[in-house]
Amino acid sequence: MKIGYPCINNSVGCKSSRTFRLRNYSPENLKEKVKGNLRCLHKTLLFNIKNNILFFRITSDLVPFASHNVCSYNWQKHFREDFKRIGELIKENKIRISMHPDQFVILNAKKEKIRINSIKELRYHSQILDLMNLDQRAKIQIHVGGVYGDKKASMERFIKVYATLNNEIKRRLVIENDEKSYSASDCLYISSITGIPVLFDFFHHRINNLDEDKGELIKKIVSTWRKKDGPAMMDYSSQLHGERSGRHANQIDLNDFSEFLKILGDIDADIMLEIKDKEKSAIKAAKLLKNNG
DNA sequence: TCACGTCAAGCAGAT
DNA sequence: ATCTGCTTGACGTGA
């Protein structure tokens, strides 16, 4: 079991998600920002290794506007060695990697334009992981998408579009239950047709569920991950007290987290903590795990 | 240096 | 019809 946090580290003094406005696009600007982002990513990974944080979500902003028409620059070639070096650091230290494209990636969109742009964006994400030479245990997680007033039809549309994807994307793509539309059971249905692994978001599940038996549900979810996919990834968070349902907590509640671990039992999953103070909570959780033996 | 209006992209739910 | 959250967002202009 590995513990991780998403994208941003507030202790290292840099961010790997520096970007710029579209109107300021130029190959020079792109090169400068990507260079800084990659350097910061490297620094962040070193911090993580030192603190026994061996699961990390790489920001989608690593290469700004990569899937946009404006981006004609061959950043893949220009930064090939940098990506490779980071990939080596990841592999040497057995770090698990995920990425989570933004909410605009809607594979089951009704508008073709949105589907096309979504696939371009997924291609960008898969290229990042490919350039790092990571195997298919490195995953790209997305939500099922919109409901459009007809959930069944929208799920079928997802299944249809998924079938058309290139293997570069398919081998990395996993779907995550969300807090409003698609529950874990909905994701399992799609998985049963497509074979796509289901990433269980425990926090979303607490808000959006069908009162399934948790043990049974988690067992089914974990079995959607084949050996080559690596251990199941899961997202964990807890509610920010006194705030609207769905808001992520500022720091980890170790008692609540322990309860979650109890539910998991002897299941080997990698846990992404979606908690606002990022690496600080991840370090606490990793220490808790270590002390539990 | 800082505040705040604005930024590629979509959806659902609240108001 | 318009606003907000999503991931406590980031940029960059104007003061």
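Going by the numbering used here, the first sequence opens with residue 7, and the numbers climb by one from there. Idealized CB from N, CA, C, for every residue including glycine. Note that the structure is a prediction, hence the values are computed from the model and not measured.
- Boundaries for Met7: no beta strand (DSSP E) harbours it, and the DSSP string shows neither H nor E there.
- Closest by C-alpha distance to Leu36, out of Tyr79, Ile258, Asn297 and Ser66, is Tyr79.
- Per the C-alpha coordinates, the member of Val69, Gln257, Lys186 and Glu38 positioned closest to Glu127 is Val69.
- For Arg24, there is no enclosing alpha helix (DSSP H), since its DSSP letter is neither H nor E.
- From the listed residues Leu51, Leu194 and Glu87, the smallest Cα separation to Ile101 is found for Leu51.
- For Asp262, the uninterrupted alpha helix (DSSP H) segment begins and ends at Leu260 to Leu270.
- In the DSSP annotation of this structure, the continuous segment of the beta strand (DSSP E) that includes Ser104 starts and ends at Arg102 to Met105.
- Ile196 and Val150 do touch by the CB rule: their CB atoms are close to 7 Å apart, below 8 Å.
- The alpha-carbon of Asp207 is positioned some 15 Å away from that of Lys145.
- Within the region 9-75, the complete alpha helix (DSSP H) segments at least 4 residues long are 33-56, listed from N- to C-terminus.
- Linking Glu162 to Met240 through their CA atoms gives a straight-line distance of about 24 Å.
- When rounded, the separation of the alpha-carbon atoms in Arg232 and Asn30 is 44 Å.
- Bounds of the beta strand (DSSP E) holding Met240 are Ala238 to Tyr242.
- Here DSSP, grouped into helix, strand and coil, assigns Ile277 to strand.
- Here the alpha carbon of Val204 sits roughly 6 Å from the alpha carbon of Glu182.
- Between the region 170-177 and the region 210-224, the count of Cβ pairs shorter than 8 Å is below three; the stretches do not touch.
- The beta-carbon distance between Ser191 and Glu218, rounded to whole angstroms, is 6 Å. This is short enough to meet the 8 Å contact definition.
- Looking at the DSSP output, Phe206 bridges to Met240.
- Distances from the alpha-carbon of Ile134 to those of Ile112, Glu118 and Leu44 put Leu44 closest.
- Burial is judged here by how many other beta carbons sit within 10 angstroms of a residue's own beta carbon; Val180 has at least 16 and is buried.
- Separation of the CB atoms of Lys83 and Cys46 is rounded to 21 Å, and the pair is thereby denied contact status at 8 Å.
- At the C-beta level, Ile277 and Ile9 come within 7 Å of one another.
- In the structure shown, the three-state DSSP call for Lys226 is helix.
- Along the region 81-134, the beta strand (DSSP E) occurs as fully enclosed runs of 3 or more residues at 102-105, listed in sequence order.
- Within the same chain, Pro237, Ala238 and Met240 come within 6 Å of Ala275 by CB-CB distance, once the 5 residues on both sides are set aside.
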